[in-house]
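Data block below; observations after.
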Amino acid sequence: MSAQAQLVAPRRQRGVNLEKWGWVFMRASGVLLVVLIFGHLFVNLMLGEGIHALDFAFVAGKFASPFWQWWDVLMLWLALIHGANGMRTVVNDYVTRPTVRTALVWALGLAAALLIILGTLVVFTFDPCNGVFEDGTMWAACQAMGN
Numbered sequence: 001m002s003a004q005a006q007l008v009a010p011r012r013q014r015g016v017n018l019e020k021w022g023w024v025f026m027r028a029s030g031v032l033l034v035v036l037i038f039g040h041l042f043v044n045l046m047l048g049e050g051i052h053a054l055d056f057a058f059v060a061g062k063f064a065s066p067f068w069q070w071w072d073v074l075m076l077w078l079a080l081i082h083g084a085n086g087m088r089t090v091v092n093d094y095v096t097r098p099t100v101r102t103a104l105v106w107a108l109g110l111a112a113a114l115l116i117i118l119g120t121l122v123v124f125t126f127d128p129c130n131g132v133f134e135d136g137t138m139w140a141a142c143q144a145m146g147n
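Under full-length UniProt numbering, the first residue of the sequence shown is numbered 1, with each subsequent residue one higher.
This is the structure:
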């Protein structure tokens, strides 16, 4: 091979560079997750009565607010996608067999998607009065809310 042929740079592939956007996502989601998580911890542990106020009624009250529903769902989505993308990177770096790598990446994606769907359903369909009976501690509160 001639010296001139060795100096020619390889052609850049056209299209979207998914690895680059995955890298950018990891940095952006990491920064946003720090804000979301510390906000979550501050509100739950420092405001009001602190950790002593954390009970079922506290969670029910938070999930009654669309602001906190979206806060928790955004935190859930970003954490799961961030974690799955990080695990995908580890699998791509260390798993050498292509079929095993593909199976593991698919398993990660399916697990993350399932958890995102289930977590989102829990947050948006949460009803503190579902399954409350007359002899339960929540009966009076649920009757007062009209449930």
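For glycine and all other residues, C-beta sits at the position ideal for the given N, C-alpha and C.
What does a CB cutoff of less than 8 Å around residue i pick up in its chain, not counting 5 residues either side in sequence?
i    : result
L108 : A84, M87, R88, V91
L78  : S29, L32, L33, L36
Alpha carbon to alpha carbon, how far is residue j from residue i? Give it in angstroms, no decimals.
i    : j    : result
L32  : P98  : 33 Å
G48  : F56  : 16 Å
R14  : G39  : 41 Å
N17  : G131 : 49 Å
V105 : P66  : 33 Å
F42  : A64  : 19 Å
V95  : L115 : 24 Å
Would you say residue i and residue j are within 8 Å of each other, going by their C-beta atoms?
i    : j    : result
L76  : G119 : yes
K62  : W68  : yes
A112 : I81  : yes
V123 : D72  : yes
Below 7 Å CB to CB, which residues in the same chain sit around residue i once its five sequence neighbours on both sides are set aside?
i    : result
L54  : N44
G22  : N85
F126 : F63
What are the boundary residues of the alpha helix (DSSP H) that residue i is part of?
i    : result
S29  : 18-45
N130 : No alpha helix (DSSP H) holds N130; DSSP gives it neither H nor E.
H52  : Here H52 belongs to no alpha helix (DSSP H), and DSSP marks it neither H nor E.
T96  : No alpha helix (DSSP H) contains T96, which DSSP labels as neither H nor E.
Any chance the CB of residue i is under 7 Å from a heavy atom of the ligand FMN?
i    : result
C142 : The model depicted lacks the ligand FMN and carries no ligand whatsoever.
Rounded C-beta distance between residue i and residue j? I'm assuming under 8 Å.
i    : j   : result
P128 : A60 : 4 Å
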